[in-house]
Amino acid sequence: MPALVVVGAQWGDEGKGKIVDLYTPYSDLVVRFAGGANAGHTLVVGGEKVILHLIPSGILHPNARCVVAQGTVLDPEVLLREIDELEARGVSVRDRLFISDRAHVVLPQHKLIDALREKQRGEDAIGTTKRGIGPTYEDKVGRRGVRIGDLIRPALLEKIEANLEAWAPLFSALGDQLPDAKKIAEDFAALGERLRPFIADSAAIVNEAVKADKKILLEGAQGMMLDIDHGTYPFVTSSNAVAGGACAGAGIGPTAIKKVVGISKAYATRVGGGPFPSELLDETGDALRNAGGEFGSTTGRPRRCGWLDLPALRMAARVNGMCEIALTKLDVLTGFKELKVCVAYELEGERLLEPPFDCLGSVKAIYETLPGWDEPIDGAKSRDALPENARAYIELIEREIGVPVSLISVGPDREQTVSFEDPFVIGS
Ligand code: IMP
0 MPALVVVGAQ WGDEGKGKIV DLYTPYSDLV VRFAGGANAG HTLVVGGEKV
50 ILHLIPSGIL HPNARCVVAQ GTVLDPEVLL REIDELEARG VSVRDRLFIS
100 DRAHVVLPQH KLIDALREKQ RGEDAIGTTK RGIGPTYEDK VGRRGVRIGD
150 LIRPALLEKI EANLEAWAPL FSALGDQLPD AKKIAEDFAA LGERLRPFIA
200 DSAAIVNEAV KADKKILLEG AQGMMLDIDH GTYPFVTSSN AVAGGACAGA
250 GIGPTAIKKV VGISKAYATR VGGGPFPSEL LDETGDALRN AGGEFGSTTG
300 RPRRCGWLDL PALRMAARVN GMCEIALTKL DVLTGFKELK VCVAYELEGE
350 RLLEPPFDCL GSVKAIYETL PGWDEPIDGA KSRDALPENA RAYIELIERE
400 IGVPVSLISV GPDREQTVSF EDPFVIGS
């Protein structure tokens, strides 16, 4: 069975890192297909914390081969820092990490523009991670981007000059100095040299694996509600976070994908601005944040917290063609007397089962209330061992979404996982 896609079914931060880590031993190749250093997974290696933004967390398994594909946008400094940190902790990445020559490069001007634009937007700021993601994708579709392969080719300076020229009017309007093309070209050529051993035609590698019937794990970034086409536009990221993005991003045909697993937390969180109908701005929200450690691994920002949003999850199931749900952080809900679940929205007297075109603060969440549970579940070994109310909570999700929950995470450790089977088995 060739490819399995793992995607975020909410606003990102669903715990994809842990799921990819669990699925990697069953995989021959792990492929990150979209996004950039806006994402972040916190991992513990040899007792020390490592935060990976670009390299798939599967790299921690010594036999896993990992690809950072062409749908991503890459900051070479971040990439090299991750490689250095992993090597320093004894995780060798040589000959098993492949970085697409077609992935676009995040240049210093992209980060500057990202920050300047956010400042200009004032109260309407998107709350980006300021990693230059939007402007880099903008240059990609504007056909003036610089790609990883350009870093090790002689025309780099001309490409950077042409790119800067396109941004010159904006810099001058904002009264800011245009960065120096020559300096950027020199710095990035040096970074390119260091990256040279890893640069590859990644789509060819992935396709070879498809042809050889290898097991390919395609790892998305962010989540459906942040997808450029399907999310809460304009409060979104600039790439396709949905499963469809895996084909273009990794360079394979849709027929290679045999399963899609959507990851959802047992409640909801969001970082940055934009609508969040089930948001809790009270002490229950604070309690969720504290119990769930909801602080961003990329920016450290406190995450906005709320009850599980089923209209959003329903849409995620549809748009991604989700076959299964991996439900994470169920343990965080332990101790809440009652739990609410947003089952629908109300907009101008109408009941909506999915997010409408423009839900900027105008929809009202309609809740169903369920009794909570007090028994700790972080040591549960099977779904049957969960308290009755926890099982009823999961059953509500399955009933409403029409997709089975195939994995339940009840704590950060690998062992704290319930109902988990080989993900490459179809119909599991
Ligand atoms: P950008 O991707 O940095 O341009 O940010 C656009 C929006 O997506 C902002 O609201 C960010 O907070 C959000 N975002 C981007 N990456 C992530 C992520 O990995 N997790 C959660 N939110 C993210």
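Per numbering that gives the first Met the number 0, the sequence shown starts with residue 0, numbered consecutively. C-beta: ideal position from N, C-alpha, C; glycine also. Since the model is a prediction, treat every value here as computed from it, not as a measurement.
Inset, instruction - Say yes only if the C-beta of ALA325 is nearer than 8 Å to one or more non-hydrogen atoms of ligand 1, and no if none qualify. - result: Checking the Cβ of ALA325 against ligand 1 gives no.
Inset, instruction - Check whether the Cβ of LYS264 lies closer than 8 Å to any heavy atom of ligand 1, and answer yes or no. - result: Set against 8 Å, the gap from the CB of LYS264 to the closest heavy atom of ligand 1 is not smaller.
Inset, instruction - Provide the residue span of the beta strand (DSSP E) that contains ARG31, from first to last. - result: Residue range 28 to 31 is occupied by the beta strand (DSSP E) that includes ARG31.
Inset, instruction - Count the other C-beta atoms from every protein chain shown that fall within 10 angstroms of the C-beta of ARG398, then say buried if there are 16 or more, exposed otherwise. - result: Exposed.
Inset, instruction - For LEU225, verify whether its CB is less than 8 Å away from any heavy atom of ligand 1. - result: The answer is yes for LEU225.
Inset, instruction - Check whether the Cβ atoms of ILE98 and ILE147 sit closer than 9 Å, and answer yes or no. - result: ILE147 sits close to ILE98, with the two beta carbons spaced by under 9 Å.
Inset, instruction - Use the C-beta contact count for SER201: other C-beta atoms within 10 angstroms, 16 or more gives buried, fewer gives exposed. - result: Counting other Cβ atoms within 10 Å of its Cβ, SER201 reaches 16 or more and is therefore classed as buried.
Legend entry - Sufficient close CB pairs (3 or more, under 8 Å) joining the region 42 to 60 to the region 73 to 82: Segments in contact, yes.
Inset, instruction - For my contact list, LEU369 and GLU337 are in at a C-beta cut-off of 8 Å; report their separation, rounded to the angstrom. - result: Contact flag correct, Cβ pair sits at about 7 Å.
Inset, instruction - Can you grab the Cα-Cα spacing for the pair ARG88 / ASP94, in whole Å? - result: For the pair ARG88 and ASP94, the Cα-to-Cα distance works out to about 17 Å.
Legend entry - Separation of LYS210 from ALA36, as counted between CA atoms: Our two residues, ALA36 and LYS210, have alpha carbons roughly 30 Å apart in a direct line.
Inset, instruction - Compare the C-beta of THR254 with all C-beta atoms of chain D and state if any pair is closer than 9 Å. - result: Although the question refers to chain D, the structure presented lacks it and comprises just one protein chain.
Legend entry - Whole-angstrom distance between GLY273 and ALA305, CA atom to CA atom: Here the sequence assigns Gly to residue 305, which means Ala is not the residue at that position. For GLY305 and GLY273, the gap between their C-alpha atoms comes out near 14 Å.
Inset, instruction - Report buried or exposed for GLY121, applying the criterion of at least 16 other Cβ atoms within 10 angstroms of its Cβ. - result: With fewer than 16 other CB atoms across the displayed protein chains lying within 10 angstroms of its CB, GLY121 is exposed.
Legend entry - Pairwise C-alpha distance: PRO153 and SER427: Residue placement at SER427 is poorly supported in this model, since its pLDDT is 46, which falls under 50; the coordinates still yield a value, given next. Straight-line measurement puts the Cα of PRO153 at about 51 Å from the Cα of SER427.
Legend entry - Proximity test, GLU128 beta-carbon vs ligand 1 heavy atom, cut-off 8 Å: In the sequence as presented, Glu is not what sits at residue 128; that position holds Thr. At least one heavy atom of ligand 1 lies less than 8 Å from the C-beta of THR128.
Legend entry - Endpoints, the alpha helix (DSSP H) within which ILE132 is located: Segment 132 to 140, the alpha helix (DSSP H) holding ILE132.
Inset, instruction - Rounded to whole angstroms, what's the CA-CA distance from ALA161 to ARG143? Just pull it up for me. - result: ALA161 and ARG143 have their alpha carbons spaced roughly 7 Å apart.
Legend entry - Contact belief for TYR136 with SER238 at Cβ below 8 Å, rounded distance in angstroms: Taking the Cβ atoms as the reference, TYR136 lies roughly 6 Å from SER238, within the contact range of under 8 Å.
Inset, instruction - Please name the residue or residues paired with ASP308 in a DSSP beta bridge. - result: Beta-bridge pairing links ASP308 to CYS341.
Inset, instruction - Using 8 Å as the cut-off, classify the Cβ of VAL270 as near or not near the heavy atoms of ligand 1, replying yes or no. - result: Flag set: Cβ of VAL270 near ligand 1.
Legend entry - Identified DSSP bridge partners for LEU325: According to the sequence displayed, residue 325 carries Ala and not Leu. Residue pairing by DSSP places ALA325 opposite ILE262, LEU406 in a beta bridge.
Inset, instruction - Please classify SER56: is it buried, with 16 or more other beta-carbons within 10 angstroms of its beta-carbon, or exposed? - result: Around the Cβ of SER56, a 10 Å sphere holds 16 or more other Cβ atoms; the residue is buried.
Inset, instruction - Over the uninterrupted beta strand (DSSP E) stretch that includes ALA154, give me the two end residues. - result: Unbroken run through ALA154: none, as it is neither H nor E.
Legend entry - Option nearest VAL72 by Cα separation, candidates ILE393, TYR366, LEU106, PRO168: Minimum Cα distance to VAL72 is reached at LEU106.
Inset, instruction - Have a look at PRO134 and ASP113 and give me their C-alpha separation to the nearest angstrom. - result: Near 6 Å, if we compare the C-alpha coordinates of ASP113 and PRO134.
Inset, instruction - Output the distance between the C-alpha atoms of ASP149 and GLY401, rounded to the nearest integer angstrom. - result: Near 46 Å, if we compare the C-alpha coordinates of GLY401 and ASP149.
Inset, instruction - Have a look at TYR392 and GLY7 and give me their C-alpha separation to the nearest angstrom. - result: When only Cα atoms are considered, TYR392 and GLY7 end up about 20 Å apart.
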